[in-house]
Each structure stands twice: as C-alpha cells, then as structure tokens.
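Okay, structure first, notes after.
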Amino acid sequence: MTYYFFIKNKLRRYLLFRTLFGIYGFIRNLPISIKNLIKLNDFLRSISSSLDKTVVIFHHGMGGGSEKFINLKYPSSDYSVFQIGPKNGNNRLLSISFLSFSSHFIIDTFFMVFFVALIQKFSRQFKIIINHFSGLENQDLIRVHRTYKISEIYIHDYFAICPFYFLSPNDVFCGLPDLEGCNQCINSKLNGLPFRIQDFRTKYDSLLLTDNIKIFAPSRSVEQNFKKVYPEIKLDIFNEFNHPKIIYRKRVIKNKTIGIFGHLTFHKGRSLVEQFLKYSPNSKIVLIGESDPIISNYDNFQETGRYSDDKSLENFIDEFRLDLVWFPVRIPETFSFTLSMAINKNLFIFAPNVGSFPERLENYPSCQIFHYNSSQNQIFDQLIQLTL
Numbered sequence: 009m010t011y012y013f014f015i016k017n018k019l020r021r022y023l024l025f026r027t028l029f030g031i032y033g034f035i036r037n038l039p040i041s042i043k044n045l046i047k048l049n050d051f052l053r054s055i056s057s058s059l060d061k062t063v064v065i066f067h068h069g070m071g072g073g074s075e076k077f078i079n080l081k082y083p084s085s086d087y088s089v090f091q092i093g094p095k096n097g098n099n100r101l102l103s104i105s106f107l108s109f110s111s112h113f114i115i116d117t118f119f120m121v122f123f124v125a126l127i128q129k130f131s132r133q134f135k136i137i138i139n140h141f142s143g144l145e146n147q148d149l150i151r152v153h154r155t156y157k158i159s160e161i162y163i164h165d166y167f168a169i170c171p172f173y174f175l176s177p178n179d180v181f182c183g184l185p186d187l188e189g190c191n192q193c194i195n196s197k198l199n200g201l202p203f204r205i206q207d208f209r210t211k212y213d214s215l216l217l218t219d220n221i222k223i224f225a226p227s228r229s230v231e232q233n234f235k236k237v238y239p240e241i242k243l244d245i246f247n248e249f250n251h252p253k254i255i256y257r258k259r260v261i262k263n264k265t266i267g268i269f270g271h272l273t274f275h276k277g278r279s280l281v282e283q284f285l286k287y288s289p290n291s292k293i294v295l296i297g298e299s300d301p302i303i304s305n306y307d308n309f310q311e312t313g314r315y316s317d318d319k320s321l322e323n324f325i326d327e328f329r330l331d332l333v334w335f336p337v338r339i340p341e342t343f344s345f346t347l348s349m350a351i352n353k354n355l356f357i358f359a360p361n362v363g364s365f366p367e368r369l370e371n372y373p374s375c376q377i378f379h380y381n382s383s384q385n386q387i388f389d390q391l392i393q394l395t396l
C-alpha cells in the first residue's frame, strides 16, 4: 500500500526519477569528473602563491541572456563546461558548470560547497558569481553566502517567484495572482500535498533582499515581476548589452515556412504547436532544436535536433532560408537569447505580449504581437495570415 501511494503520487515519482537520474549521471560522468578535479587541483596550485582575486562562476544549464552578459564581463571561451579562463586584470576566472559532474541539482550543490571550501583554502580574495541560481538548492546557496559571501547573482528565470514558472492549469501565463490564488493554482498541481507559496519565497529573502549581493536582471519585465513579490529587491538591468542601435528594414516574408527555435517543451508552447499542425496541415514548421516529448507523425513538421551554439543556429536559419519565426511560449521569458538571433538576422517575428518580448520588440519593425491569452484559433489565424 505504501509503495503504491509513493509511485502513484506524481511529484514523488518525479523526485524519485530525478534522484535516480542524478546518480546515473554522476556515475556516467565520473571519468570527466576526475579529470575536472585534476584541473581544479592545478588551478588551485597556480593561485596558491598569488594575490590574484579569483572569480568563481557557478553555472547550471545553458542558454539565456545572463550567460551572454557574463561572457562579456568576465571573458572566457565557454561557460557550458568546467573552464579555467585567462587573467582579466587582477582576476583569474574559474567557471564551473554542474553539468560537468552530474545531472541532478542536489548532487551538483554538494560540489558547489566543496569547491568553494577548497578555493577558500588557497585564495583569500575571491568572488562568487551565481548564474541560473534558481535551479539550485537554495539552502546550499544560503549556506555558501553566509560563509563565503556571494558577490553577484544573474537571474535566469522566475523559479524564485513560482516553481512552475507562472504556468497556469491551461498552459498560459497565470497573471501572477495574489497569495491565495498562487496557493490554489500550485496545490492543484501537487495532488493535495500541502504547499504555501509564502514559505517557498521566504527561503530566497536572504539572497535577494541584501545590499551585499549585486543582482542583475535581463529585462525590465523581470524587474517588474520580481518587485511585485519582493518589493525591496534592487536589480540592475542588462538588456541593452547585446543590441547595438541598428535600423532594421521591414522584412518581406517570401518563404512561407514557419521557424521555431530552441527546446520545445510544454512550458515553451509544445501543445500549441502540435494543435497548430492539426489546425493547418498546409502550413510547414521547421523546429531548429528539439521537441520534448518529441512531435512525430506530422508531414508538415521537421525537427533538426539540438544545435550546438549560436553559429549552428544561424547556419540552420540560412539553410532553410527562413523569413518568419514564431515564439509559441505563453508565459513570461526573462530574456530569450533566441530572440536575439531572430533580431540580428532581421527575421519577421510572431511573439506574445508577455515577458521580455514587448519591450525588446518595441522599435523592431518586422514583428506582430499576439495576446498570450487569445484563443488557440485566434493565434493560429493570425499566424496563417502572415504566410498568405
């Protein structure tokens, strides 16, 4: 009976899967982990007799404007792996991706605490920068901050506000309701498990509401949403860094193929895309990226698989001669670095009026904004009209 209850509950089943997957990931990555630990040992030896300030970037996952900004501020060749970067003034960079060690954030945070303790032994002056912090176990972050003091945090998503990233039961933006509304929405997804959003958010207070940590946000919409929940938070906006003031020409849609970029999951609009394929069988979609779960059995849909970097994405855009790109997500994006590519390639952009899209497309001539809460058919008809 106990076993049946444990497996029946979706949340417990998910946590069990993630834990087992994390252990598998750790064992699978063990040779790489050993190699990276040797790298770390060599790095620590190199700074042991130096007065250099060590910049430590803990990074979880890939993508997002926060990575682009960090790459400009603290130059290195790659933040997606364990990386020892060049000197930058008096700073010596050490970038650590948890994906180099495991696929599970609880195991990953053990390495974070372990690394910080090691580095502290060798270097008295060092800076800790957290990227993608919301994907990490916040109690470990707080423990690190109390002992070693985190210097900078780069917000990548909205996990610190909502563990479901504002996704309502009907797969659109919830509108960020009051506390009662949040609790009703989240409890409906947890199969009766007790949950209080107030308790969840309070855990982040010591990280987000302090003058000792500089917090960077990738767009004004991020600042607005965080201030609704954490009114005293102080954020620096860095959304201008990747967009020189260029006058773009109006894009003419000659190729009627609709492009979609990135990892297409449910919270990124996967269901909406699949419904569109049924609604308009004569429309063709190319996904430069991968769907999860995979979309199959549609003659009007093509999927390239995951691309490796910006250049690879750009090559796919050129290969398919895309003129039109659709962003089917209907919850707020903090930045969307694939939007940066669409803008830089001067594509015609069909995007929702939520998150960073409206502000980033404010002066961009080749775009059409749809209301995120419109009916599916209204969105589909607008998109089809662009391809006529």
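Using my numbering, the letters of the sequence shown correspond one by one to residues 9 to 396. Every residue, glycine too, gets a C-beta built ideally from N, C-alpha and C.
- Within the stretch 170 to 249, the runs of alpha helix (DSSP H) that reach at least 4 residues and sit entirely inside it are, in chain order, 187 to 197, 205 to 210, 213 to 216 and 228 to 237.
- Asn199 and Lys292 have their C-alpha atoms roughly 38 Å apart.
- Under a 10 Å Cβ-count criterion, Ala125 is classified as exposed, with fewer than 16 other Cβ atoms of the shown protein chains found around its own Cβ.
- By the Cβ-count criterion, Ser344 is buried, with 16 or more other Cβ atoms from all chains shown falling within 10 Å of its own Cβ.
- Your pair Tyr287 and Arg338 does not check out as a contact, with CB atoms roughly 16 Å apart and the cut at 8 Å.
- For Tyr315, the secondary structure class from DSSP, reduced to helix, strand or coil, is coil.
- Looking at the DSSP output, Phe309 bridges to Ile293.
- The beta carbons of Leu355 and Asp331 sit closer together than 8 Å.
- For Phe284, the enclosing alpha helix (DSSP H) begins and ends at Arg278 to Tyr287.
- Contact between Pro202 and Ile163 is ruled out by a C-beta separation of about 28 Å, above the 8 Å threshold.
- Taking the Cα positions, Val294 is about 6 Å away from Ile268.
- Taking all protein chains in view, the Cβ of Arg368 is crowded by 16 or more other Cβ atoms within 10 Å, so the residue is classified as buried.
- For Ala350 and Asp165, the gap between their C-alpha atoms comes out near 20 Å.
- Assignment of beta-bridge partners to Ala359 by DSSP yields Ile377.
- Annotation for Glu367: the continuous alpha helix (DSSP H) segment containing it runs Phe365 to Arg368.
- Excluding its 5 nearest sequence neighbours in each direction, Ile169 has C-beta neighbours in its own chain below 6 Å: Val237, listed in chain order.
- Cβ neighbours of Cys190 within its own chain (closer than 6 Å, five residues either side excluded): Ile205.
- Contact annotation, Gly270 with Gly297: C-beta distance approximately 5 Å; criterion of less than 8 Å satisfied.
- For Ile387, there is no enclosing beta strand (DSSP E); the enclosing alpha helix (DSSP H) has its first and last residue at Gln384 to Leu394.
- When rounded, the separation of the alpha-carbon atoms in Phe122 and Ile137 is 15 Å.
- Beta-carbon to beta-carbon, Phe224 and Pro171 are separated by about 22 Å, too far to satisfy the 8 Å threshold.
- Taking a 10 Å sphere around the C-beta of Gly363, we find 16 or more other C-beta atoms and assign the residue as buried.
- Burial is judged here by how many other beta carbons sit within 10 angstroms of a residue's own beta carbon; Phe365 has at least 16 and is buried.
- Here Asn352 is actually not in contact with Phe378; their C-beta atoms are around 22 Å apart, not less than 8 Å.
- The secondary-structure analysis by DSSP pairs Tyr166 with nothing; it has no beta-bridge partner.
- Using a Cβ distance threshold of 8 Å, Thr395 and Ile266 count as a contacting pair.
- Following the DSSP letters along the chain, one finds Phe345 inside the alpha helix (DSSP H) bounded by residues Phe345 to Asn352.
- Remark: C-beta atoms of Leu216 and Ile241 approach each other more closely than 8 Å.
- Between Phe174 and the set Val333, Lys197 and Ile161, the nearest pair of CA atoms involves Lys197.
- Per DSSP, Leu332 is one residue of the beta strand (DSSP E) stretching across Leu332 to Trp334.
- For Ile158, the secondary structure class from DSSP, reduced to helix, strand or coil, is strand.
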